[in-house]
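Worksheet: the structure to be examined is printed underneath.
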Amino acid sequence: MTRNPIETLSSRARRWAVGLTEQKSVTGTDGEAAFGPWLAAQLRKETAFQNAEVWTIEVGPQDGRHCVAMLLRGTGRPTVLLTGHYDTVGTSDYGQLEPLATRPDALTKALHGSLVAANAPAAILAHHDFAGGEFLAGRGLLDMKAGLAAGLAVCAEFAESAKPAGNLLFIAVPDEENNSAGARKAAQMLPGLCKERDLDLLAVINLDAIADDGDGSKGRVIALGTVGKLLPAACVVGVPSHSGFPLNGLNAGAIAAAIATRIEWAPELTDMCGTGPGTPPSLLGIRDGKTGYDATTPRTAHATFNVLSYRRAPSEVLDRFDSLCAEAASLLLQELRRRVSAQHETGLLEVVQSIPVHRYETLLARLEEPERLRLEAVSASIAAGEQPLPEKCRLITEQAWELSRLAGPAIVTGFGSIPYLPTNLSAQPAAARLRAAAVEVGDGAAARHGSVVTCADYFAGISDMSFFGEAAESSLDVVARNTPAWKDSVRWPLTRALANMPTINIGPWGRDYHTPLERLHVGYAFDVLPQLIRDVCARLLRPDAS
Numbered sequence: 001m002t003r004n005p006i007e008t009l010s011s012r013a014r015r016w017a018v019g020l021t022e023q024k025s026v027t028g029t030d031g032e033a034a035f036g037p038w039l040a041a042q043l044r045k046e047t048a049f050q051n052a053e054v055w056t057i058e059v060g061p062q063d064g065r066h067c068v069a070m071l072l073r074g075t076g077r078p079t080v081l082l083t084g085h086y087d088t089v090g091t092s093d094y095g096q097l098e099p100l101a102t103r104p105d106a107l108t109k110a111l112h113g114s115l116v117a118a119n120a121p122a123a124i125l126a127h128h129d130f131a132g133g134e135f136l137a138g139r140g141l142l143d144m145k146a147g148l149a150a151g152l153a154v155c156a157e158f159a160e161s162a163k164p165a166g167n168l169l170f171i172a173v174p175d176e177e178n179n180s181a182g183a184r185k186a187a188q189m190l191p192g193l194c195k196e197r198d199l200d201l202l203a204v205i206n207l208d209a210i211a212d213d214g215d216g217s218k219g220r221v222i223a224l225g226t227v228g229k230l231l232p233a234a235c236v237v238g239v240p241s242h243s244g245f246p247l248n249g250l251n252a253g254a255i256a257a258a259i260a261t262r263i264e265w266a267p268e269l270t271d272m273c274g275t276g277p278g279t280p281p282s283l284l285g286i287r288d289g290k291t292g293y294d295a296t297t298p299r300t301a302h303a304t305f306n307v308l309s310y311r312r313a314p315s316e317v318l319d320r321f322d323s324l325c326a327e328a329a330s331l332l333l334q335e336l337r338r339r340v341s342a343q344h345e346t347g348l349l350e351v352v353q354s355i356p357v358h359r360y361e362t363l364l365a366r367l368e369e370p371e372r373l374r375l376e377a378v379s380a381s382i383a384a385g386e387q388p389l390p391e392k393c394r395l396i397t398e399q400a401w402e403l404s405r406l407a408g409p410a411i412v413t414g415f416g417s418i419p420y421l422p423t424n425l426s427a428q429p430a431a432a433r434l435r436a437a438a439v440e441v442g443d444g445a446a447a448r449h450g451s452v453v454t455c456a457d458y459f460a461g462i463s464d465m466s467f468f469g470e471a472a473e474s475s476l477d478v479v480a481r482n483t484p485a486w487k488d489s490v491r492w493p494l495t496r497a498l499a500n501m502p503t504i505n506i507g508p509w510g511r512d513y514h515t516p517l518e519r520l521h522v523g524y525a526f527d528v529l530p531q532l533i534r535d536v537c538a539r540l541l542r543p544d545a546s
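All residue numbers for the sequence shown refer to the UniProt record's numbering, where the first residue is 1 and numbers rise by one.
So, in C-alpha cells, the structure goes:
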C-alpha cells in the first residue's frame, strides 16, 4: 500500500480498505494463513504506527492462522478495543471475473459493464448503484475489510495526536466465516493481555458490515447487541425394511421429514426481538445415512436447524426442540396408522406406540467404560478429518448410538456446531457508559456528519460480538454436553471462554455480501464511519467520562 504525503481520516480508510481487499484471505486457504503475518508487517511499516506495539497470536498449536494485535498508547489505563475479522468467503462464484474479485476498482468497472442487459432485480439494482458511483465492489470489501480499514484510520489519527487520552487496542481475527476460532482465541486471551500491559478495557467496538437493499437507513446503524444462533440437530434412527415391504419397518427419512415440517417457522422456536417477533427457525440440512443406492429404507437420517435467539438460553431452546421432535414423531405415527388401518395389517406399528427422544448427553450416560473409550477414539479420528462440524457431529452421534445397544426407532437431539450467544448491553456502569456514548454519537451524526445514524438493539447477523460481548457464559455448559464434536473439534473451554465486555457494532453498509454483487457504500464507509468510531472512542476515553 502506498501512503499519501498528507492523508485525511477518509483517505486513510479508503487506502486501507482497498489494500486489505487486494490481499486475498479466503477462509480455510493458505491466503488466510498468510494474511495475519502480512498485516502485522504492514502495520509495522506504517509511519503512523512506528511507536505502536504490534504482534501476532497463533489461533492454536500448528494452526497456522493468526490474530493480529496492535496497541497504541496514550495516557492512563482506559482502553477501547476495535476488532473485526479478515477472512472472506471464496471467489469462485465470480466466474470469468474471478481474477478481478479482489481488485475493487477494476471489478466495479467490469461488473458495471456486464450488468447492462441485466433483468434480475438484484442485478438491476447493482447496475444502478455502480452507475451512480456511490458503491465499490470487491470480495471482502464490505464483509468486512472496510470496517477494519475504518478502525485503522482511527488508530492512525489517535497515534498522531498529542498525548491522547487512554489507549486503543486493535485486533484483527481469522475464521469468522467458519467457526470463529480467531475471535474465540482473542476473547480468551484478553484478560491476560490487559493484565500484562496494565490496561483497563472499557469497551469493545466490533466493525462488521450490515446489508441494506434500500436507502441505507437500515445500514447506518450502531448495534447495541447481537442476535444469537444455535444449530439444534435431530439424529433419527429408524427400523429399516425392504422397500417392497415398508410396513415391516419405520423409515428414518420419513421421521426426519416430519420433524423438519413441524419445526420450519415454528413459533415455539421464534424468539421475540424487542416487542416484535424475531426470525423463525429453518431447516439447514437433511440427509439419510446411506452411502449408496439399495432397496432398503434408510436406517438413519439427520436434520439440522438454524435457530436464532435474542434472550432465550440454549437450555430453553433445546427443551422446546425436544418437545417439537416428540410431537412430530407422535403425529407421524398417528397418520401412518390412519393410512394403513383399512388394510388391517399395521406391521411394526402394532409394536411401536411411541418414538422416544434422547439427548446426546443421556446417550453417553448409558455407555460403559469400554464403549466410552471406543467412542473417544472414534471422535478423535473424526476430528482429524476435513468434514464440517455438523457432519462430524452426525458421525459421532451415530457411533454413540451403535455403542449404546439401544434399538430404534428413536430420535437423538443435540447441537451440530458452535453456539453464538446473544449479547446485550447490561445495566452495569461500563455498559451504561458505552450505551450513552453510542446514543450521543448517533443522535449527533446528522448535524456533525450529514448522515442520519440510529441505534438498534441488535446487530442483524451472526458476528464475533457473541464472543466479546456480555453473554451468559453458563449457557455453554448444556451446549458442550450435547455437541458430540465439542471435545476434539471445537476445543473451547467452558470457563473464561468469553470476554464478557460491553460490546457494540459500528460497521459499513452495502449490499449482497457473499455474492458476486458484494458492494460497499463508499460515502458512509470512508467519510462517516471512521468519524463515528472516533467519536465513540473519544467519549469513552475522555478523563471526565463517567
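Glycine included, every Cβ here is placed at the ideal spot set by N, Cα and C. Here the structure is a predicted model, which means the values were calculated and not measured.
Of the residues assessed, D294 falls on the exposed side of the cut-off, its CB having fewer than 16 other CB atoms within 10 angstroms. Contact annotation: A165 and R433 have beta-carbon atoms that are not nearer than 7 Å.
Sorting F135, L100, L152 by C-alpha distance to the C-alpha of S10 places L152 at the top.
Restricting attention to D30, R77, L207, the CA atom closest to the CA of D63 is found in D30. Per DSSP, the continuous alpha helix (DSSP H) segment holding T362 begins and ends at 360-365. Going by beta carbons, A150 and L529 fall inside the 7 Å limit. The C-beta distance from G84 to L148 rounds to 5 Å, short enough to fall under 8 Å.
A residue is called buried when at least 16 other Cβ atoms come within 10 angstroms of its Cβ; R339 does not meet this threshold and is exposed.
Secondary structure note for L517: it is in no alpha helix (DSSP H), with a DSSP letter that is neither H nor E.
The Cβ neighbour count for E177, taken over all protein chains shown within 10 Å, is at least 16; the residue is labelled buried. Counting C-beta pairs closer than 8 Å gives three or more between the stretch 256-266 and the stretch 229-243, which meets the contact rule. About 5 Å separates the Cβ atoms of R534 and V154, confirming a contact at the 8 Å cut-off.
The three-state secondary structure of V352, taken from DSSP, is coil. The Cβ atoms of V452 and A446 sit closer than 7 Å to each other. Using a Cβ distance threshold of 7 Å, V239 and P409 count as a contacting pair. The beta carbons of G216 and W486 sit no closer together than 7 Å. Per DSSP, the unbroken beta strand (DSSP E) holding D288 starts and ends at 282-288. Distance from the Cα of C325 is smallest, within the candidate group A303, E32, A407, for A303.
Given a length threshold of 3 residues, each whole run of the beta strand (DSSP E) inside the stretch 433-501 is given here in chain order: 454-456. E470 places its beta carbon less than 7 Å from that of N500. Residue state for E98 is assigned as helix, using DSSP reduced to three classes. Y310 carries a coil assignment under DSSP once its states are collapsed to helix, strand and coil. In this structure E361 is in contact with N482, their Cβ atoms being roughly 5 Å apart against a cut-off of 8 Å.
For P419, the closest of S381, D464, F459, E402 by C-alpha to C-alpha distance is D464.
Beta-bridge annotation (DSSP): I504 is paired with I205.
As the crow flies, the alpha-carbon of R519 is around 42 Å from that of V236. As for any alpha helix (DSSP H) of minimum length 4 sitting wholly inside the stretch 378-409, the runs are 389-404, ordered along the chain.
Secondary structure remark: continuous beta strand (DSSP E) runs of at least 3 residues inside the stretch 128-188, in chain order: 135-137, 165-173. The C-beta distance from G214 to D457 rounds to 19 Å, too long to fall under 8 Å, and the pair is not in contact. Residue pairing by DSSP places P277 opposite M272 in a beta bridge. Collapsing the DSSP output to three states places K109 in a helix. Following the DSSP letters along the chain, one finds L230 in no alpha helix (DSSP H) but inside the beta strand (DSSP E) bounded by residues 228-230. Here the stretch 178-189 lies against the stretch 54-69, with 3 or more beta-carbon pairs under 8 Å apart. Looking only at G138, D319, Q334, the smallest Cα-Cα distance to Y94 is reached by G138.
Excluding sequence positions up to five before and after L82, its CB lies within less than 6 Å of the CB of G151, F170, I205, all in the same chain and listed in chain order. For the options T47, I210, A120, the alpha carbon positioned closest to that of H514 is the one of I210.
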